[in-house]
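Protein chains in written order, with my numbering: chain C, 1 to 150; chain W, 1001 to 1222.
These notes concern the structure reproduced below.
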């Protein structure tokens, strides 16, 4: 343990939070809100919602929730942003958000983490498909489990 | 990337100050949400209470400072701006808990569980705790463990499955996830526990796959 005072340590951590907020949370959430806006105006949101209604019903979710999962796969912040945007617009309820939350992370940011996690750790590329599949299975089970708590 | 010595600074000899356990316990309670409904002073032990509220606008039942009826990038910007305090508060507290030895305590408690839970040696404890905070740090340390031959190729692959699903869990959950905490119908610790349990489950799926489908000699190649 160093001699730094606790307030100094807290401020240091809060600064990390600020940096994550400014460099990751705001841009990702903003992108998610913009994408949802485009999807809403073009009618794609309703279309996707209709197509995925039967699948998402399995998890107790409306069809539009598929957008949360797709965008999570690209970035966790994006998934959270899409969820918030759909919640604000009344497409998702509190129960839906509760069901979705673990899945956003369990299958989150896989494209980025392919390089940052698997690449850095030097995992053999032939295992990548299995690793992607496992994360998606995790997310699906996560949604089933959260139905019990939501 | 951390060196061999740093990776090995994990064993049972690591001294955990008693404050470490107190800090860890505090963090578990604080982020668990168990005091969220508390009316007395005990509510100060709840993240959402300490994170507080923004002032409200005309129709205080619905509108925050972002107003009502917004959409698109502008609405997203104001919404995201509202997330920054949670992000700063959470990481500030994690930093304090870490400073007091709370993460060391977590590492000490987890180390003996790694072999039964994941089939990987306890020496991976530090890399595991680091991977909960930073994807890059966890992956770098995992590579260093493999290069120092402290874990086998199979153990590395199982460990990677653990890290890959919900990477940097704590940091991401408390920074991005915090945006949705206010909407949850369950305490905020529940989704986190589900995530953690499924990370372990997923790693064991990988373990099963490697044991049943991939032959031993295949794993050594490449």
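Where is the CB? At the ideal position from N, CA and C, for every residue including glycine.
This structure is a prediction, so every number in the text was calculated from the model and none was measured.
Residue i - containing alpha helix (DSSP H), residue span
i, result
"residue 1285 of chain W", "As shown, chain W starts at 1001 and ends at 1222. That puts residue 1285 of chain W outside it, with no answer to give."
"residue 136 of chain C", "128-149"
"residue 6 of chain C", "6-20"
"residue 56 of chain C", "44-57"
"residue 1224 of chain W", "No answer is possible for residue 1224 of chain W: the residues shown for chain W start at 1001 and end at 1222."
"residue 102 of chain C", "94-106"
"residue 3 of chain C", "Looking at the DSSP string, residue 3 of chain C is not in any alpha helix (DSSP H), and its letter there is neither H nor E."
"residue 71 of chain C", "66-74"
"residue 1111 of chain W", "Segment: none, residue 1111 of chain W is in no alpha helix (DSSP H) and carries neither H nor E."
"residue 1137 of chain W", "1135-1147"
"residue 953 of chain W", "The structure shown has nothing for residue 953 of chain W, since chain W only spans 1001 to 1222."
"residue 111 of chain C", "110-113"
"residue 1020 of chain W", "1018-1032"
"residue 1124 of chain W", "Unbroken run through residue 1124 of chain W: none, as it is neither H nor E."
"residue 1181 of chain W", "1178-1181"
Neighbourhood of residue i by C-beta distance below 6 Å, restricted to the same chain and skipping five residues each side
i, result
"residue 1008 of chain W", "Confidence is the limiting factor: at residue 1008 of chain W the pLDDT is only 49, short of 50, which leaves the residue's position unreliable, though a coordinate-based value still follows. Around residue 1008 of chain W: no qualifying Cβ."
"residue 25 of chain C", "77"
"residue 136 of chain C", "107"
"residue 1035 of chain W", "1042, 1043, 1045 and 1046"
"residue 138 of chain C", "106"
"residue 1031 of chain W", "1047"
"residue 1025 of chain W", "none"
"residue 142 of chain C", "102, 103 and 106"
"residue 1137 of chain W", "1130"
"residue 1198 of chain W", "none"
"residue 1111 of chain W", "1122 and 1125"
"residue 1003 of chain W", "Reliability fails at residue 1003 of chain W, whose pLDDT of 46 lies under 50, so the model's placement of it is uncertain and the value that follows must be treated cautiously. So the list is empty, once near-sequence residues are dropped."
Residue i, buried or exposed, once every other Cβ within 10 Å from all chains shown has been counted against 16
i, result
"residue 116 of chain C", "buried"
"residue 42 of chain C", "exposed"
"residue 126 of chain C", "exposed"
"residue 1018 of chain W", "exposed"
"residue 50 of chain C", "exposed"
"residue 1005 of chain W", "The predicted model places residue 1005 of chain W with a pLDDT of 46, which falls under 50 and marks its position as unreliable; any figure quoted below should be read in that light. Residue 1005 of chain W should be labelled exposed."
"residue 1010 of chain W", "No answer about residue 1010 of chain W holds up, because its pLDDT of 47 lies below 50 and its placement is not dependable."
"residue 1207 of chain W", "buried"
"residue 88 of chain C", "buried"
"residue 1065 of chain W", "exposed"
"residue 1222 of chain W", "Only weak support exists for where residue 1222 of chain W lies, its pLDDT of 46 falling under 50; the value from the coordinates is given anyway. That one is exposed."
"residue 75 of chain C", "buried"
"residue 13 of chain C", "buried"
"residue 1113 of chain W", "exposed"
"residue 1115 of chain W", "exposed"
"residue 1033 of chain W", "buried"
"residue 71 of chain C", "buried"
"residue 148 of chain C", "exposed"
"residue 21 of chain C", "buried"
"residue 1213 of chain W", "exposed"
"residue 1104 of chain W", "buried"
"residue 17 of chain C", "buried"
Residues near residue i by beta carbon distance below 8 Å, same chain, minus five either side
i, result
"residue 1210 of chain W", "1154, 1157, 1158 and 1219"
"residue 1100 of chain W", "1017, 1019, 1020, 1022 and 1023"
"residue 29 of chain C", "77, 78, 80, 81 and 84"
"residue 1027 of chain W", "1093, 1094, 1097 and 1102"
"residue 1174 of chain W", "1031, 1086, 1087, 1090, 1091 and 1094"
Nonlocal neighbours in the same chain, by C-beta distance under 7 Å from residue i, ignoring five residues either side
i, result
"residue 1178 of chain W", "1083, 1086, 1087 and 1090"
"residue 144 of chain C", "59"
"residue 1001 of chain W", "At residue 1001 of chain W, the pLDDT of 41 sits below 50, so the modelled position is not reliable; the number obtained from the coordinates is stated separately. Cβ neighbours of residue 1001 of chain W beyond the five flanking positions: 1140, 1143 and 1144."
"residue 1166 of chain W", "1195 and 1199"
"residue 132 of chain C", "110"
"residue 1037 of chain W", "none"
"residue 128 of chain C", "114 and 118"
Any non-hydrogen atom of the ligand SAH closer than 7 Å to residue i Cβ
i, result
"residue 1196 of chain W", "The model on display carries no ligand, and the ligand SAH is accordingly not part of it."
Does the region 1187-1195 of chain W come into contact with the region 1156-1163 of chain W, if we say contact requires no fewer than three beta-carbon pairs (one atom in each stretch) closer than 8 Å?
Fewer than three beta-carbon pairs drawn from the region 1187-1195 of chain W and the region 1156-1163 of chain W are found closer than 8 Å, and the two stretches are therefore not classed as touching.
Take every Cβ of the region 60-72 of chain C, pair it with every Cβ of the region 1115-1130 of chain W, and state whether three or more of those distances are shorter than 8 Å.
Flag = no, the region 60-72 of chain C and the region 1115-1130 of chain W do not touch.
What alpha helix (DSSP H) runs, 4 residues minimum, are completely inside the region 1038-1109 of chain W?
Restricted to the region 1038-1109 of chain W, the alpha helix (DSSP H) segments that are unbroken, complete and at least 4 residues in length are 1047-1051, 1072-1081 and 1084-1099, listed in chain order.
Is there contact between the region 1138-1149 of chain W and the region 96-110 of chain C, where contact requires at least three CB pairs shorter than 8 Å?
Segment contact: the region 1138-1149 of chain W against the region 96-110 of chain C, fewer than three CB-CB distances shorter than 8 Å; contact not assigned.
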